[in-house]
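Comments concern the structure below.
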Amino acid sequence: MENAQESAQRIYEQVITFATLYGGRIVLAILTLTVGLWLIGWITRLLSTIMTRRHVDRDVQPFLLSLVNGTLRVLLLLSIASTLGVATTSFVAIIGAAGLAVGLALQGSLANFAGGVLILIFKPFRVGDLISAQGFTGHVEAIRIFDTTLVTLDNKTTILPNGPLSTSAITNISTKGVIRVDQVYTVGSQNDIDITAASIRAVVDACPYALKDRDHDVLIARLNANSREYDVRVWTKSDTYWETHYYLLENMARQFGKDGIQAPKPQLYVTNE
Numbered sequence: 028m029e030n031a032q033e034s035a036q037r038i039y040e041q042v043i044t045f046a047t048l049y050g051g052r053i054v055l056a057i058l059t060l061t062v063g064l065w066l067i068g069w070i071t072r073l074l075s076t077i078m079t080r081r082h083v084d085r086d087v088q089p090f091l092l093s094l095v096n097g098t099l100r101v102l103l104l105l106s107i108a109s110t111l112g113v114a115t116t117s118f119v120a121i122i123g124a125a126g127l128a129v130g131l132a133l134q135g136s137l138a139n140f141a142g143g144v145l146i147l148i149f150k151p152f153r154v155g156d157l158i159s160a161q162g163f164t165g166h167v168e169a170i171r172i173f174d175t176t177l178v179t180l181d182n183k184t185t186i187l188p189n190g191p192l193s194t195s196a197i198t199n200i201s202t203k204g205v206i207r208v209d210q211v212y213t214v215g216s217q218n219d220i221d222i223t224a225a226s227i228r229a230v231v232d233a234c235p236y237a238l239k240d241r242d243h244d245v246l247i248a249r250l251n252a253n254s255r256e257y258d259v260r261v262w263t264k265s266d267t268y269w270e271t272h273y274y275l276l277e278n279m280a281r282q283f284g285k286d287g288i289q290a291p292k293p294q295l296y297v298t299n300e
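Sequential numbering of the sequence shown, starting at 28, is according to this note's numbering.
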């Protein structure tokens, strides 16, 4: 009976000692866990609201929120472990080493990921836009985290990695909705200037894709020994750029033939010395 009482007394004393040594830490850890989880939830909701207001792509929002939420939870666990007196130096070292190894192995993918996030946030182009980038011109079919898909004008699918795409020059042809088609026509200097200009103007005025509320230019750009160069500038919608381009080329050739506008003739000068 006395042995049982002594054992109970020792257990009671150990509990008191443990509570004295670690009770405050445990309470503080529970408080840290409660407040930390509430704070993480508040930060996540705030970030979601900000991304919604900035029209961040809805396909990207869950991924970013999960990434932020997971990172904050790991930091919270490390903080709680430190509060309980657990040495976190080794954990931090392991996490750092693992992060470095993964970063080195996936540095190209991480660069593409970062580029995709920047593109989706700042939106230099949108799905459906006609852009020129990385030596390719086409309509944007899809914008994903790691790459962007273009459909070129000859209906080929081109996949561009987002890393280089986010750091290089991009020409967004669709942004303004209106674009100018610039062409140069060279005719022989034997052709009358007014007749040539009127012939070019007739094609421009008849072009069904040329905007009626814009002024189109027919200008002499250069005078050569046996030829003249005309700059022709026609405004059209971004979606009909190529239709306008090819309409002008074909119908200009027809109109020149109809009006007798001749091409430059080679000249040979012979002198007697």
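Heads up, the beta-carbon is just placed ideally off N, CA and C, and yes, glycines get one too.
| Buried or exposed: which applies to SER201, given that a residue is buried once 16 or more other Cβ atoms fall within 10 Å of its Cβ? | So SER201 ends up on the buried side.
| Since HIS166 is in the beta strand (DSSP E), which residue starts that stretch and which ends it? | Segment 163–170, the beta strand (DSSP E) holding HIS166.
| How would you write the range of the beta strand (DSSP E) that ASP244 sits in, first residue to last? | Where ASP244 is concerned, the enclosing beta strand (DSSP E) stretches over 244–250.
| task | List the whole-angstrom C-beta distance separating VAL208 from THR263, where the pair is believed to meet the contact cut-off of C-beta under 8 angstroms. | result | That belief holds up - the Cβ atoms of VAL208 and THR263 are roughly 6 angstroms apart, short of 8 angstroms.
| CA-to-CA distance, GLY162 to GLY215, given in whole angstroms | One alpha carbon belongs to GLY215, the other to GLY162, and they sit about 35 angstroms apart.
| task | For ALA132, count neighbouring C-beta atoms within 10 Å of its own C-beta (all shown protein chains included) and say buried if the count is 16 or more, exposed if not. | result | Legend: pLDDT at ALA132 = 49, less than 50; position of this residue unreliable, value from coordinates given subsequently. With fewer than 16 Cβ atoms within 10 Å of its Cβ, ALA132 is classed as exposed.
| query | Is the distance from the Cβ of TYR268 to the Cβ of ILE206 below 7 angstroms? | reply | Taking 7 angstroms as the cut-off, the Cβ atoms of TYR268 and ILE206 count as close.
| message | Do ILE220 and ASN189 count as a contact pair if the criterion is CB distance below 7 angstroms? | response | Going by C-beta atoms, ASN189 is not nearer than 7 angstroms to ILE220.
| query | What is the rounded straight-line gap between the Cα of LEU238 and the Cα of VAL211? | reply | Each residue's alpha carbon lies about 19 angstroms from the other.
| query | What three-state label does DSSP hand GLY287 in the structure shown? | reply | Here GLY287 sits in coil by DSSP.
| field | Beta-carbon proximity list for LEU92, same chain, < 7 angstroms, skipping 5 on both sides | value | Cβ neighbours of LEU92 beyond the five flanking positions: THR71, LEU74, SER75.
| said: Quick check: the Cα distance between ARG153 and ASP181, rounded to an integer number of angstroms? | reply: Taking the straight line from one Cα to the other gives about 20 angstroms.
| request: Output the residue ranges of the alpha helix (DSSP H) runs that lie fully inside the segment 179–263 and measure 4 residues or longer, sorted by chain position. | output: Every alpha helix (DSSP H) stretch that sits fully inside the segment 179–263 and reaches 4 residues is listed by chain position as 189–194, 220–233.
| Do ASN199 and ILE158 come within 7 angstroms of each other at the CB atom, strictly closer than that value? | Contact flag set, yes.
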